[in-house]
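To start, the structure under review is shown below, and the notes come after it.
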Amino acid sequence: MPVASVSDMTNPEALVLTAGERAREVPVGRVVFTMDWTGEEEPGDLAEFVAGRLRAFGTEPTGVDTDGVRRAAESDPTPARGDLPVRQLDHLAEVLAGLGHTLAVWETGTDAYEILVLPTGEDELPDPGGLSHEGFPIRPWGAASAGNLIGLDCPHCSTPQIWDPPPGETLADERCDCGTVLFDSTGQPLPHVTVHG
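According to the numbering used here, the stretch in the sequence shown is residues 12 to 208, in order.
The following block contains the structure:
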């Protein structure tokens, strides 16, 4: 399995794309798995994506299965919405580390997980700010976020809203899907909006 050189450790294309994908000029966005904070569209989608990326890098996807994690979460007497994806990502990060890969998150400032698989071997990813794509940081799963998690419940429809904006970005004029304006033009919550710390 070819591992990125130290000089490539700040180049996302060198880390997340195979040599063949780089030669074909495959965009990084084509090797990202997007999962809503509440979980997968279909059970097994995340594990299938991770296994596919491992195979692309020439690694057998041994242990890449989240069924056990799902069963354990289903038997938990106090599950919370959004717990299962975190448990799945924790599990897969551990499995990938044992296979010489890193599970990473591309922090685009939405409430979705943008997942990448990187063949890092013994190397670790640069500090969270050292690797980015299209201006958004890429960090190993479990590393401290460079952003500031912001959550609230829409005062109109009660839908939970969660953001993790990259440093320097605001939630200016952000709205709920129902259309309710939540933040003013400077990124401050409107008076009727309560932000959860």
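All residues carry an ideal CB built from backbone N, CA and C; glycine is no exception.
Being a predicted model, the structure only gives us computed values, none of them experimental.
**Asked** Does DSSP put residue 78 in a helix, a strand or coil?
**Response** As a position in the sequence shown, residue 78 is number 67, starting the count at 1. Correct three-state label for residue 78: helix.
**Prompt:** Who are residue 89's beta bridge partners in DSSP?
**Reply:** For this step, residue 89 is matched to residue 78 along the sequence shown. Residue 89 pairs with nothing; no bridge assigned.
**Item:** Beta-carbon gap between residue 100 and residue 114 smaller than 8 Å
**Value:** Translated into positions along the sequence shown, residue 100 becomes position 89. Translated into positions along the sequence shown, residue 114 becomes position 103. It is a contact, given that the beta carbons lie within the stated cut-off.
**Prompt:** At which residue ranges does the stretch 43-69 contain complete beta strand (DSSP E) runs of 3 or more residues, listed in the order of the chain?
**Reply:** 44-47
**Asked** Considering only residues of the stretch 160-201, which uninterrupted beta strand (DSSP E) runs meet the minimum length of 3 residues and lie entirely inside it, listed in chain order?
**Response** Unbroken beta strand (DSSP E) runs of no fewer than 3 residues, entirely contained in the stretch 160-201, are found at 161-164 and 171-174, following chain order.
**Item:** Burial state of residue 175, where buried means 16 or more other Cβ atoms lie within 10 Å
**Value:** Within the sequence shown, numbered from 1, the residue matching residue 175 stands at position 164. Buried.
**Asked** What do you get for residue 104, buried or exposed, if any count of 16 or more other CB atoms within 10 angstroms of its CB means buried?
**Response** Here residue 104 refers to the residue found at position 93 of the sequence shown. It is buried - the Cβ of residue 104 has at least 16 other Cβ atoms within 10 Å.
**Message:** Using a 10 Å radius around the Cβ and a threshold of 16 neighbouring Cβ atoms, would you call residue 201 buried or exposed?
**Reply:** Taking the sequence shown and counting its residues from 1, one reaches residue 201 at position 190. Residue 201 is exposed by the Cβ-count criterion.
**Prompt:** So, using beta-carbon positions, are residue 96 and residue 50 closer together than 8 Å?
**Reply:** Taking the sequence shown and counting its residues from 1, the one referred to as residue 96 is at position 85. Taking the sequence shown and counting its residues from 1, the one referred to as residue 50 is at position 39. In this structure, residue 50 lies closer than 8 Å to residue 96 by Cβ.
**Request:** Count the CB pairs spanning the stretch 79-87 and the stretch 24-41 that are closer than 8 Å, and state whether there are at least three.
**Result:** no
**Request:** Answer with buried or exposed for residue 125, where buried requires no fewer than 16 other C-beta atoms within 10 angstroms of its C-beta.
**Result:** For the purposes of this step, residue 125 is taken as the residue at position 114 of the sequence shown. Under a 10 Å Cβ-count criterion, residue 125 is classified as buried, with 16 or more other Cβ atoms of the shown protein chains found around its own Cβ.
**Request:** Let me know if residue 130 comes out buried or exposed under the rule of 16 or more other beta-carbons within 10 Å of its beta-carbon.
**Result:** Taking the first residue of the sequence shown as position 1, residue 130 is located at position 119. A buried status is given to residue 130, since no fewer than 16 other beta-carbon atoms sit within 10 Å of its beta-carbon.
**Message:** Using CA atoms only, rank isn't needed, just tell me which of 182, 190, 119 and 25 is closest to residue 169.
**Reply:** Against the sequence shown, residue 169 aligns to sequence position 158. When only C-alpha atoms are compared, the closest one is 190.
**Asked** Starting from residue 128 and walking both ways along the beta strand (DSSP E), at which residues does that stretch end?
**Response** For the purposes of this step, residue 128 is taken as residue 117 along the sequence shown, with counting starting at 1. 123-130 is the span of the beta strand (DSSP E), which, as asked, contains residue 128.
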